[in-house]
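S.K.: Handing you this structure, nothing more for now.
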Ligand code: SAM
């Protein structure tokens, strides 16, 4: 395998989070997505060229995100077009893509769409759901009232069913649930969400409310620390620590009353917490983010991005694109979440979550 670049803290590149649109069909106040996309969205060919270039630099996992990626009409086409990168031998000097994952709110995940995504070659889906009753979902999703929240909840519950039936097996980690928890918004949903995930055999990933962007009104008081989330859930169902995988975002816990089966399948046996605020994990962060209009960010909280369109237009230039991305990665020094803990004053992160995709 060709030599892979390291950044200034010795970190390799491993995960690309590619946002397909900044638009969303929900209006979660902690995220504040846009109603309109930026004018200059990348084309499918440009996205394929970008993924191929990053795979050459070490990316093994691609996460498709947004905004809401299911709003993107050519999602399945993109996934299918990336399959040749998956079929490469792991020792191929051009690199090989091992996994393609999707993060979605699930509202548009009908049975047929789930089957199409599976057929196109998608490996994993993480669905976002912040409550288990209409009023909580409405509050967290920025909807008018409990009835609207309940309609979304029913769609997400159906999406879980459709994804499972299409072959995204939670016992193999191919279907998980994300929930952002804020102190005044949905802290009361911790136990109901954990109960739902356990019942459905899903790993629940609880995310601390992050200060991404400038318009979600982030206040430190609104962050429910991961340790508190674990303590509250552990009081109901005892937990034991499993740890955070190298380069992973989530600390994982195992429910003591649940065990993996003989084949190692463990749906619903784990709880995971993403503690970006209280226990940052910049030290081994291997993620690069690219927005729907082709701006690369080397950190979720980075102040500046690099517009990659000059290397994509009028035609993608693979050699120069690779060089630009490699230069960007080698110059990377971000460890923003750790610096936040050290800094006396909060520096707002200028790019919005809906551009960066989480
Ligand atoms: N629309 C898709 C979804 O809902 O999963 C994908 C994009 S969304 C930006 C990706 C993830 O980021 C979601 O799980 C969402 O809850 C999370 N997220 C958004 N804003 C956040 C914030 N301020 N703090 C923590 N997580 C956030």
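In the working numbering, the protein residues as written are 164 to 521.
All C-beta atoms, glycine included, are put in the ideal place defined by N, C-alpha and C.
#1: Using the Cβ count rule (16 or more neighbours within 10 Å means buried), how would you classify residue 209?
#2: Here's a check: name, in chain order, each residue in its chain whose Cβ is nearer than 6 Å to the Cβ of residue 170, leaving out the five neighbours to either side.
#3: Can you list, in chain order, the residues of its chain with a C-beta nearer than 6 Å to that of residue 430? Leave out the 5 residues immediately preceding and following it.
#4: Starting from residue 404 and walking both ways along the beta strand (DSSP E), at which residues does that stretch end?
#5: Do residue 327 and residue 340 have their beta-carbon atoms positioned less than 9 Å apart in this structure?
#6: Residue 326: beta carbon under 8 Å from a heavy atom of ligand 1?
#7: CB residue 245 to CB residue 183, shorter than 9 Å?
#8: Which residues mark the beginning and the end of the alpha helix (DSSP H) in which residue 436 is found?
#9: With distances taken from CA atoms, which of 268, 226, 325 is nearest residue 316?
#10: So, at 7 Å on beta carbons, what are the nonlocal neighbours of residue 378 in its own chain, with the 5 sequence-adjacent residues on each side left out?
#11: Note down, one range per segment and in chain order, each beta strand (DSSP E) of at least 3 residues found wholly within the region 360-394.
#12: Can you name, in chain order, every residue of its own chain whose Cβ lies under 8 Å from the Cβ of residue 222, other than the five neighbours on each side?
#13: In angstroms with no decimal places, state the Cα-to-Cα distance between residue 322 and residue 294.
#14: Along the chain, where does the beta strand (DSSP E) that runs through residue 518 open and close?
#15: Skipping 5 residues on each side, what residues in its chain have a beta carbon closer than 7 Å to that of residue 353?
#16: Only counting the same chain, and skipping five residues up and downstream in sequence, which positions put a Cβ closer than 7 Å to that of residue 286?
#17: Can we count residue 181 as close to ligand 1, meaning its CB is less than 8 Å from some heavy atom?
#18: Any heavy atom of ligand 1 closer than 8 Å to the Cβ of residue 291?
#19: Quick check on DSSP: helix, strand or coil for residue 349?
#20: Counting pairs of Cβ atoms below 8 Å between the region 379-388 and the region 408-419, do you hit three or more?
#21: Is residue 430 helix, strand or coil by DSSP?
#22: Count the other CB atoms, across all protein chains shown, that sit within 10 Å of the CB of residue 523; report buried if there are 16 or more and exposed otherwise.
#23: Which complete beta strand (DSSP E) runs does the region 178-207 hold, if anything under 3 residues is left out?
#24: Label residue 503 either buried or exposed according to how many other C-beta atoms from any shown protein chain fall within 10 Å of its C-beta, with 16 as the threshold for buried.
#25: Quick one: is residue 389 buried, meaning 16 or more other Cβ sit within 10 Å of its Cβ, or exposed?
#26: Between residue 466 and residue 422, what straight-line distance do the alpha-carbon atoms span, to the nearest angstrom?
#27: Under 8 Å from any heavy atom of ligand 2, does the C-beta of residue 267 make it?
#28: Using the C-alpha atoms, what's the distance from residue 355 back to residue 281?
#29: Can you name the residues that DSSP bridges to residue 416?
#30: Quick check on residue 232: buried or exposed, where buried means 16 or more other Cβ atoms within 10 Å of its Cβ?
#31: Quick one, which of 312, 252, 500, 434 has its alpha-carbon nearest residue 441's?
#32: Just tell me which of 168, 239, 202, 417 has its CA closest to the CA of residue 216.
#33: Do residue 304 and residue 189 have their beta-carbon atoms positioned less than 9 Å apart in this structure?
#34: Of the choices 517, 324, 299, whose alpha-carbon is the least far from that of residue 275?
M.R.: Looking at the atomic coordinates:
#1: buried
#2: 492, 495
#3: 333, 334, 364
#4: 402-407
#5: no
#6: no
#7: no
#8: From DSSP, residue 436 is part of no alpha helix (DSSP H) but of the beta strand (DSSP E) over 433-437.
#9: 268
#10: 195, 515
#11: 366-371
#12: 176, 177, 178, 179, 214, 258, 260, 451
#13: 15 Å
#14: From DSSP, residue 518 is part of no beta strand (DSSP E) but of the alpha helix (DSSP H) over 516-519.
#15: 344, 392, 395, 396
#16: 262, 263, 264, 337
#17: no
#18: yes
#19: helix
#20: no
#21: coil
#22: Only positions 164 to 521 of the chain appear in the structure, and residue 523 is not among them; the question remains open.
#23: 178-182
#24: buried
#25: buried
#26: 43 Å
#27: Among the ligands in the structure shown, ligand 2 does not appear; only ligand 1 can be found there.
#28: 29 Å
#29: 404, 434
#30: buried
#31: 500
#32: 168
#33: yes
#34: 324
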